[in-house]
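K.L.:
Using the working numbering, the first residue of the sequence shown is number 5, and each one after it goes up by one. Even glycine gets a Cβ: it sits at the ideal position worked out from N, Cα and C. Only a predicted model underlies this, so the values are computations on that prediction, with no experimental measurement involved. Once you've had a glance at the structure underneath, I'll fire off some questions.
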Amino acid sequence: GIAGATEAPPLAELERLLEGLERRLGREPGDAICDRLAGGLRRYLARGTGEPAEDMTSFELRLLARRHGWPERVQRGIQEAMGVADRTRFGRAAADEAGLRRAIAAARDSAREIDRLLAAAAAAEEAAG
5 GIAGATEAPP
15 LAELERLLEG
25 LERRLGREPG
35 DAICDRLAGG
45 LRRYLARGTG
55 EPAEDMTSFE
65 LRLLARRHGW
75 PERVQRGIQE
85 AMGVADRTRF
95 GRAAADEAGL
105 RRAIAAARDS
115 AREIDRLLAA
125 AAAAEEAAG
């Protein structure tokens, strides 16, 4: 980012990225979109949890979600987004636009839910003081 500029909150940063990716669907190769989707989701998780999620495999992200006790639907959402990204990037599967759109939606829904969970956890911690 620009020196001195305040960083957007993790969720806002991710949502901006996802909106940009949705606009590029059908105009940019699927693997380029998947790279940015996976990177953005990892960065969001790293910033939100303080864990080194940017260096984690999809499997390790699943363990992170489980360790945090996030609901099954959140774990599935992360898995779906990362699964599409991994299959497209490493499995050389052609990602169709509908699949990419679902992966982006899964990332967004999961991140919004995680944001609520992290905020609730922070509030509880503060109350316990």
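Can you look up G87 in the DSSP assignment and give me helix, strand or coil?
P.N.:
The answer is helix: DSSP assigns G87 an H, G or I state.
K.L.:
Could you tell me the boundaries of the alpha helix (DSSP H) in which R71 lies?
P.N.:
It spans 62-71 - the alpha helix (DSSP H) in which R71 sits, taken as one unbroken run.
K.L.:
Looking at L22 and G44, is the spacing between their C-beta atoms short of 8 Å?
P.N.:
Their beta carbons are under 8 Å apart, which means G44 touches L22 by this criterion.
K.L.:
Between the stretch 110-121 and the stretch 75-95, do at least 3 Cβ pairs fall closer than 8 Å?
P.N.:
Taking 8 Å as the limit for Cβ pairs, the verdict is that the stretch 75-95 does touch the stretch 110-121.
K.L.:
Does the distance from the CB of R93 to the CB of D39 come in under 8 Å?
P.N.:
Yes, the pair counts as a contact, with Cβ atoms nearer than the cut-off.
K.L.:
Give the secondary structure of R31 by DSSP, where H, G and I count as helix, E and B as strand, and everything else as coil.
P.N.:
R31 falls in the coil class under three-state DSSP.
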